[in-house]
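2 protein chains.
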Amino acid sequence: MQLLKDRILKDGVVKPGNILKVDSFLNHQMDILLMNEIGKEFKARFSDCPITKILTIEASGIGIAAITAQYFDVNMVFAKKAQSLNLDGEMLVTKVESFTHKKVYDVILAKKFLSPEDHVLIIDDFLANGCALLGLIDLVQNAGATIEGAGIVIEKGFQDGGRKIRDMGIRLESLAIIDSMTDDSLTFR
Amino acid sequence: MQLLKDRILKDGVVKPGNILKVDSFLNHQMDILLMNEIGKEFKARFSDCPITKILTIEASGIGIAAITAQYFDVNMVFAKKAQSLNLDGEMLVTKVESFTHKKVYDVILAKKFLSPEDHVLIIDDFLANGCALLGLIDLVQNAGATIEGAGIVIEKGFQDGGRKIRDMGIRLESLAIIDSMTDDSLTFR
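Protein chains in written order, with the numbering used here: chain S, 1 to 189; chain C, 1001 to 1189.
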């Protein structure tokens, strides 16, 4: 997606530890016009799929998933990263290791929001080692629902998450795949 | 907002401890059509204000704020609840006590995303004792920006957050204000 790649080149900042900061338009401040174009692009790429629900994980995926859900005319549900006092009823639970925060946490989703009849599109802002996405895939499979695919805004192609997901036979559409990045250069696939 | 009140009566569940569960349409699963109507309603109520930015706090405010930002044609920024390894630069910080989780946490926002020229509309899903909203107000004031008002989806009118905010002279628009709730009845203001 050229608009996104141009924006990453213009406003993205590479930090030590293979961190790409895109907080000015994607995951702290959100450029709503760009989010709309991203939502339309996901709809175009998955227009042949009978999507009934968009799934993401808190926190930074929520805005993109909500905007994207508009273009599919379906509801969105977000998995939560820790036990909340306000959750009850039957829960789907999986464990996810955070690359950024170096810890393992529980990811939970109320079972009633994913049924075996659902055709799910998973949306997230980043894909690196794939732990969060693998956790979401596990939740969908535990619910007995169908995974139609995953839509990612930025994939770090030099980490192995993308390969793992594609090797599972899951359709993965990343709007920008970065194959290498250094302080002064960034190469897209 | 009648559509919202009808939905609360239809799908909201009252739990012990003055908890109102609206996870089927607002803060776990999001009904995107309803979110769009909520966004339009906030735009209608603040149409006289020169809003330049929407501010919310992670996690459940993000979806509503993103959808709402579309109707104002402005960007959205969300405050974060804990120090992230990917944040740097100058930060605005405030402390917020969570009613739900019974703990105090830091809320942070990169200073570069709020300037003295900004006219800010704060958006959140719930207002109860007002701690989260007071924290966001503190962040806006520390940035030297102008608070145009706060838009809340559900205000618990029997807790004192709404009164505190209105007593500060801040324009507060809550789309549904609940004055009392028990297991089998719920009264709107």
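For glycine and all other residues, C-beta sits at the position ideal for the given N, C-alpha and C.
At least one CB atom of chain S sits nearer than 8 Å to the CB of HIS1028 (chain C). Here HIS1101 (chain C) is exposed: its Cβ has fewer than 16 other Cβ atoms, across all protein chains shown, within 10 Å. Relative to the Cα of GLY161 (chain S), the nearest Cα in the group S:VAL74, S:ASP183, S:VAL153 and S:CYS131 belongs to S:CYS131. Per DSSP, ILE51 (chain S) has no beta-bridge partner at all. Shown here, PHE1188 (chain C) sits in a strand according to DSSP, grouped into three states. A residue is called buried when at least 16 other Cβ atoms come within 10 angstroms of its Cβ; LEU127 (chain S) meets this threshold and is buried. Its Cα nearest to that of ASP118 (chain S), the residue S:THR52 stands out among S:THR52, S:GLY89, S:GLN29 and S:ASP6.
Under the Cβ distance rule, PHE1078 (chain C) counts among the residues neighbouring chain S, one pair being separated by less than 8 Å.
In the structure shown, LYS81 (chain S) adopts coil according to DSSP, grouped into three states. Listed by position along chain S, the residues whose Cβ is nearer than 8 Å to that of ILE1032 (chain C) are ALA66, ALA69, GLN70, ASP73, VAL74, ASN75 and MET76. Here the segment 1006-1020 of chain C does not lie against the segment 63-76 of chain S, with fewer than 3 beta-carbon pairs under 8 Å apart. MET91 (chain S) is outside the set of residues whose beta carbon lies under 8 Å from a beta carbon in chain C.
Taking 7 Å as the Cβ-Cβ cut-off, the segment 1102-1123 of chain C approaches chain S at ALA1110 and PHE1113, given in chain order. Note on geometry: alpha-carbon atoms of LYS1156 (chain C) and LYS1005 (chain C) lie some 13 Å from one another. Contact of GLY1135 (chain C) with chain S is not assigned, every C-beta pair being separated by 8 Å or more. Considering only beta carbons, the part of the segment 1039-1069 of chain C lying closer than 7 Å to chain S consists of GLU1058, ALA1059, ILE1062, GLY1063, ALA1066, ILE1067 and ALA1069, in chain order. The three-state secondary structure of ILE177 (chain S), taken from DSSP, is strand.
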